[in-house]
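A.B. asks: One structure coming up, written as structure tokens, with questions to follow.
Numbering (UniProt numbering), first residue to last: 1 to 480.
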């Protein structure tokens, strides 16, 4: 790296220096079998300042969230709020509901998230109080979590088995709660190789069975646990290691059936408030397939609103939350096509940007978060979407949602003390053997530029080297 930087100092033109650096990165022995893709475009003139492998399809990792959040703001608007409806069917006689309670979601990924404010217990208690406050003291039917606005298949088909049981691989439902995650606490030991028993699960997931094979590794070794499970399953396989110590160590997993879990939570709080319901919690899927089921007229008790979309988009881009990005993708798809599946949502999003004039050759995504290893796009695809977003009515909120290099979000430690710090807005992306940055910066002449850098399929163990290279690219580009 030092030799490369010394050579670059001999070149006076900033753009030439950047191109030379990218050439050197592509020819690095640990990167040359992969692809370095780069694209920079003026948002004022539309001129491309730099294109390097810019038309090659590469994995995007989490920079794909810039597309999902842009699509959501453009289609739904900055002030859009997800709504969750508390409803009932049947009749209320002498404070007894002769029917069911329904909690019907519209895809809100933030419901019951401590990141937003109200915890899962606080939200569940609030819904239970609304039922009691409506004059219902006993329920003869069920409390049902209804997430049917989206497909029952909550996962993208191309997500891998090692991801889907973990918090970052949580499926997106029409009704979500606590960001669809829970924490498993393992008891640490000071001896390497010891078994690490589970001490608790928070929040408590009813009927879950954990086949635990987790052991203790060296102190400071970090979280190397994978949780294997599938949607609607009650069995989880835990494998891997936790670091040695004398406390508890927590690992996050994905709730297998969030709508049913939320219904269970509301029912628990309803009972604690003195309400009576004797029937066990039942999934909406089970209820729909039960004998004699038919859709019934529902009546509204109350509506729970999410924070505005502009706030959720900022959370998504600052904290790189997969669930939020996939919720945005599916919500855009449902809004445009009335189909809440991943496949339909992807098609709708492609149509959206094609109609806005973006060339989407090479754009073959599979989800909204970038978790899929088979989803690809080109550097120009992303840079052009960012360029096009500059003229959207929601651009101020979109721009504010992207972290500031050297200051905030996942890029707060990037390029500190350089001219790029405070000048570049960038979303980072990282999956196996892929690192990426994309966003906006102001060039030396005052022009705003959109940019994308992706290094794809580099050698195992080269993560830190690739990040340093990308950091140098970001430092150099602001001098253009």
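The C-beta atom is built at its ideal place from N, Cα and C for all residues, glycine as well.
What residue range is occupied by the uninterrupted alpha helix (DSSP H) comprising residue 50?
C.D. replies: Counting along the chain, residue 50 falls outside any alpha helix (DSSP H), though it belongs to the beta strand (DSSP E) covering 48-52.
A.B. asks: Need the endpoints of the beta strand (DSSP E) that residue 226 sits in, please.
C.D. replies: Segment 224-228, the beta strand (DSSP E) holding residue 226.
A.B. asks: In its own chain, which residues sit with a C-beta less than 7 Å from the C-beta of residue 116, not counting the 5 before and 5 after it?
C.D. replies: For residue 116, where only same-chain residues beyond five positions count, the Cβ hits under 7 Å are 110, 307.
A.B. asks: Thinking just about the alpha-carbon of each residue, which of 264, 450, 469 is nearest to the one in residue 50?
C.D. replies: When each option's Cα is compared against that of residue 50, the closest is 450.
A.B. asks: I need the DSSP call for residue 416, collapsed to helix, strand or coil.
C.D. replies: Residue 416: coil per DSSP, three-state reduction.
A.B. asks: Out of curiosity, what's the CA-to-CA distance linking residue 247 and residue 162?
C.D. replies: Their Cα atoms are separated by approximately 27 Å.
A.B. asks: Quick one: give me the first and last residue of the alpha helix (DSSP H) that residue 350 is part of.
C.D. replies: Start and end: 342-355.
A.B. asks: Give me, in chain order, the residues of the same chain whose beta-carbon lies closer than 6 Å to that of residue 303; leave out the 5 immediate sequence neighbours on both sides.
C.D. replies: Hits under 6 Å: 83, 85.
A.B. asks: Is the separation between the beta-carbon of residue 240 and that of residue 167 shorter than 9 Å?
C.D. replies: No, they are not a contact pair.
A.B. asks: When DSSP labels each residue in this structure, what does residue 186 get in the three-state scheme?
C.D. replies: In the structure shown, residue 186 sits in a strand (DSSP, three-state: E or B).
A.B. asks: What number of angstroms, rounded off, separates the C-alpha of residue 319 from the C-alpha of residue 410?
C.D. replies: When rounded, the distance between both Cα atoms is 7 Å.
A.B. asks: So, is residue 425 buried or exposed, given that buried needs 16 or more other C-beta atoms within 10 angstroms?
C.D. replies: Buried is the call here.
A.B. asks: Are residue 150 and residue 334 closer than 9 Å when you measure CB to CB?
C.D. replies: Yes, Cβ-Cβ distance for residue 150 and residue 334 is below 9 Å.
A.B. asks: Since residue 216 sits in a beta bridge, which residues does DSSP pair it with?
C.D. replies: BP columns for residue 216 point to 242.
A.B. asks: What is the rounded straight-line gap between the Cα of residue 63 and the Cα of residue 81?
C.D. replies: In a straight line, the C-alpha of residue 63 is about 24 Å away from that of residue 81.
A.B. asks: Quick one: grab the DSSP three-state call for residue 439.
C.D. replies: Here residue 439 sits in strand by DSSP.
A.B. asks: Report all residues from its chain with a CB closer than 8 Å to the CB of residue 422; omit the five preceding and five following residues, and keep chain order.
C.D. replies: Only 404, 405, 406, 407 meet the Cβ criterion.
A.B. asks: By a C-beta neighbour count over all protein chains shown, 10 Å radius and 16 as the cutoff for buried, is residue 396 buried or exposed?
C.D. replies: So residue 396 ends up on the exposed side.
A.B. asks: Any idea what DSSP makes of residue 22, helix, strand or coil?
C.D. replies: Three-state result, residue 22: helix.
A.B. asks: Over the uninterrupted beta strand (DSSP E) stretch that includes residue 426, give me the two end residues.
C.D. replies: Run containing residue 426: 424-431, per the beta strand (DSSP E) assignment.
A.B. asks: Rounded to whole angstroms, what is the Cα-Cα separation between residue 37 and residue 275?
C.D. replies: Going from the Cα of residue 37 to the Cα of residue 275 covers about 60 Å.
A.B. asks: From the DSSP output, read off the bridge partner residues of residue 338.
C.D. replies: None; residue 338 has no bridge partner.
A.B. asks: For residue 187, count neighbouring C-beta atoms within 10 Å of its own C-beta (all shown protein chains included) and say buried if the count is 16 or more, exposed if not.
C.D. replies: Its Cβ being crowded by 16 or more others within 10 Å, residue 187 is buried.
A.B. asks: Starting from residue 449 and walking both ways along the beta strand (DSSP E), at which residues does that stretch end?
C.D. replies: 448-456 is the span of the beta strand (DSSP E), which, as asked, contains residue 449.
A.B. asks: Along the chain, which unbroken stretches of the beta strand (DSSP E) at least 3 residues long are found entirely within the region 270-327?
C.D. replies: With a minimum length of 3 residues, the continuous beta strand (DSSP E) runs that stay inside the region 270-327 are 299-305.
A.B. asks: Mark residue 32 as exposed unless 16 or more other C-beta atoms lie within 10 angstroms of its C-beta, in which case mark it buried.
C.D. replies: Exposed is the call here.
A.B. asks: Using a threshold of 9 Å, state whether the C-beta atoms of residue 384 and residue 359 are closer than that.
C.D. replies: The answer is yes: Cβ separation under 9 Å.
A.B. asks: Roughly how many angstroms lie between the CA atoms of residue 156 and residue 477, to the nearest whole one?
C.D. replies: About 35 Å.
A.B. asks: Is it a yes or a no for the region 96-106 touching the region 166-181, going by three-plus beta-carbon pairs under 8 Å?
C.D. replies: With the cut-off at 8 Å, the region 96-106 and the region 166-181 touch.
A.B. asks: Does the Cβ-Cβ distance between residue 43 and residue 448 come in under 9 Å?
C.D. replies: The answer is yes: Cβ separation under 9 Å.
A.B. asks: Find out if the Cβ-Cβ distance for the pair residue 169, residue 159 is shorter than 9 Å.
C.D. replies: Yes. Within cutoff.
A.B. asks: Which residue marks the beginning of the alpha helix (DSSP H) containing residue 395, and which one marks its end?
C.D. replies: Residue 395 -> alpha helix (DSSP H) spans 395-400.
A.B. asks: Using 10 angstroms around the beta-carbon of residue 293, count the other beta-carbons present and answer buried if the total reaches 16, otherwise exposed.
C.D. replies: Exposed is the call here.
A.B. asks: Are the CB atoms of residue 122 and residue 112 nearer to each other than 9 Å?
C.D. replies: Yes, these two residues count as a Cβ contact at 9 Å.
A.B. asks: What is the DSSP secondary structure of residue 37, reduced to helix, strand or coil?
C.D. replies: Three-state DSSP puts residue 37 in a strand.
A.B. asks: For residue 248, which beta-bridge partners are listed by DSSP?
C.D. replies: DSSP lists 187 as partners of residue 248.
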